[in-house]
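**Q** Numbering (this note's numbering), first residue to last: -10 to 156. All residues carry an ideal CB built from backbone N, CA and C; glycine is no exception. This is the structure I have questions about; it appears just below.
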């Protein structure tokens, strides 16, 4: 997929890099929910769970990129420039062409595999990096709850309609 953008910059045009199709599965996995705060009342024989807030755990993702260059020297320069871009101490906005923006921060490089020449004067490499996600996209905080999706769930109007005097 050649339309992957990092901070608005096309990684294929700039670094000769493409995201591995296997990495899309890691990106699209829904994160685990944080533990719900519970209060155990011994005198009432029950547990009261606080479900007012829906929170997701921050996750770390392993992303694999394929890089290609015109010879070994060009490939080495592209790898260095790409890792320097990812390792810059800030959150990066990723656009994978799915209609959502993801915010990641570089954690570490877990692997680099150099491939033999793909064609005359063409070299390639596979770079695996660990990235930390800021928040899962599509989370919207409202005054009462957090919902998943691009728009908040409409609230139930109060005082507008009643049935037999009960609102």
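(1) Between which two residues does the alpha helix (DSSP H) harbouring residue 75 extend?
(2) Check the DSSP bridge columns for residue 123 and list the partner residues they point to.
(3) If we ignore side chains and look at the alpha-carbon of each, how far apart do residue 129 and residue 44 end up?
(4) Evaluate the contact criterion for the region 40 to 58 versus the region 115 to 125: three or more CB pairs, one atom per stretch, below 8 Å.
(5) Who are the near neighbours of residue 103 in its chain, counting only those whose CB is closer than 6 Å to its CB and skipping five residues on each side?
(6) Would you say the region -10 to 1 touches the region 81 to 90, given that touching needs at least three Cβ pairs under 8 Å?
(7) Check residue 17 in the structure and name its three-state DSSP category.
(8) Which whole-angstrom value describes the C-beta separation of residue 16 and residue 91, a residue pair presumed to lie in contact below a C-beta threshold of 8 Å?
(9) Quick one: what does DSSP say residue 24 is sitting in, helix, strand or coil?
(10) Return the first residue and the last residue of the alpha helix (DSSP H) that residue 39 is part of.
(11) For the beta strand (DSSP E) that residue 55 lies in, which residues bound it at each end?
(12) Can you list, in chain order, the residues of its chain whose CB lies under 7 Å from that of residue 4, leaving out five sequence neighbours each side?
(13) Less than 8 Å between the CB atoms is what I'm expecting for residue 153 and residue 121, so what's the real figure, rounded?
(14) On a CA-only basis, which of 89, 98 and 42 is nearest residue 25? Give me that one, please.
(15) Out of 64, 100 and 49, which has the shortest C-alpha to C-alpha gap to residue 111?
(16) Please work out which residues of its chain come closer than 8 Å, Cβ to Cβ, to residue 106, disregarding the five sequence neighbours upstream and downstream, and give them in chain order.
(17) Run through the DSSP bridge pairs and tell me what residue 103 is partnered with.
**A** On the basis of the supplied data:
(1) Numbered from 1 along the chain shown, position 86 holds the residue referred to as residue 75. Run containing residue 75: 61 to 76, per the alpha helix (DSSP H) assignment.
(2) Within the chain shown, numbered from 1, the residue matching residue 123 stands at position 134. Beta-bridge pairing links residue 123 to no other residue.
(3) Numbered from its first residue, the chain shown carries residue 129 at position 140. Numbered from its first residue, the chain shown carries residue 44 at position 55. Caution applies to residue 129, whose pLDDT of 44 falls short of 50 and renders its modelled position unreliable; the model cannot decide the point.
(4) They touch, by the three-pair rule.
(5) Working through the chain shown from its first residue, we reach residue 103 at position 114. Within the same chain, 114 come within 6 Å of residue 103 by CB-CB distance, once the 5 residues on both sides are set aside.
(6) The count of Cβ pairs closer than 8 Å, one atom from the region -10 to 1 and one from the region 81 to 90, reaches three, so the stretches are in contact.
(7) Sequence index remark: in the chain shown, residue 17 carries index 28 (1-based). In the displayed model, residue 17 falls within a helix according to three-state DSSP.
(8) Locating residue 16 in the chain shown gives position 27, counting from the first residue. Locating residue 91 in the chain shown gives position 102, counting from the first residue. Sure, about 7 Å apart at Cβ, within 8 Å.
(9) Your numbering for residue 24 matches position 35 in the chain shown. In this structure, DSSP gives residue 24 a state outside helix and strand, which the three-state scheme calls coil.
(10) The count along the chain shown starts at 1 and reaches residue 39 at position 50. Going by DSSP, residue 39 is part of no alpha helix (DSSP H) at all; its letter is neither H nor E.
(11) By one-based count along the chain shown, residue 55 stands at place 66. Its beta strand (DSSP E) spans residues 49 to 58.
(12) Here residue 4 corresponds to residue number 15 of the chain shown, with the count starting at 1. Counting only Cβ-Cβ distances below 7 Å, and skipping sequence neighbours, we find 56, 67, 70 and 71.
(13) Within the chain shown, residue 153 is the residue found at index 164, counting from 1. Within the chain shown, residue 121 is the residue found at index 132, counting from 1. A Cβ-Cβ distance of about 54 Å is found for the pair residue 153 and residue 121, leaving them out of contact under the 8 Å criterion.
(14) As a working mapping, residue 25 is identified with position 36 in the chain shown. For residue 25, the closest alpha carbon among the candidates 89, 98 and 42 is that of 42.
(15) Taking the first residue of the chain shown as position 1, residue 111 is located at position 122. Looking at the Cα atoms, 64 is the closest of the given residues.
(16) Taking the first residue of the chain shown as 1, we reach residue 106 at position 117. Answer for residue 106: 112, listed in chain order.
(17) The sequence position of residue 103 within the chain shown is 114, counting from 1. Answer is 114.
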